[in-house]
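Trainee: 19 is the number of the first residue of the sequence shown in the numbering used here; add one for each residue after it. In this text, a Cβ means the ideal position worked out from N, Cα and C, and glycines have one as well. This is the structure, below, for whatever I ask next.
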Amino acid sequence: MTKIDFLYNVDDFTNGLSLVLRNFYENQKTLIYAHDGHKNISDSLWQFEGFYPHHVGDYLNEEIPDANFLISDQFHYFFDELLINISASDCLFFSRFANLIEVVTQDQLIKDNARNRLKKYRDYGFNVNLINYQELTN
């Protein structure tokens with residue numbers, strides 16, 4: 019069963035992603051789920067402390083990738099250990115991953131959508147761990 023964490027009260031997705039990578043990433047094959055802004059996310063990964071080589075968009079190669087990260091809104095079986103959702107929408111294939119981290123900003127629309135996802139996960143029987151971003155950064 020997928021382990022689900024909600025990182026909430028985040029000031030923006032980039033800061034939330036940075037915190038996830040510093041505190042939760044353990045060399046897993048990772049999909050960063052995003053609908054738009056792939057270029058901005060890609061640029062951010064190069065600016066974070068640490069080294070996070072990645073692919074952007076659909077990874078169509080059948081060879082084992084040389085990077086641990088894919089930034090996309092599509093599932094790929096090479097990137098199936100950690101899912102980081104930095105979008106406002108549901109990721110319908112989340113249960114294919116060992117771990118899901120939902121990054122929830124303070125934007126009202128994103129919070130409302132996240133509340134709906136949280137309720138849905140709990141209704142499906144998943145245990146959800148809530149993590150307050152502000153407590154981790156203070």
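1) Rounded to whole angstroms, what's the CA-CA distance from H53 to Y43? Just pull it up for me.
2) How would you call F66, buried or exposed, if buried means at least 16 neighbouring beta carbons within 10 angstroms?
3) Would you mind working out which of V74, L49, Y51 sits nearest D61, comparing C-alpha positions?
4) Just how far apart, CA to CA, sit R140 and E120?
5) In this structure, what does DSSP give as the bridge partners for V38?
6) Indicate the three-state DSSP secondary structure (helix, strand or coil) for T32 in the structure shown.
Mentor: The short version:
1) 21 Å
2) exposed
3) V74
4) 14 Å
5) Per DSSP, none; premise fails for V38.
6) helix
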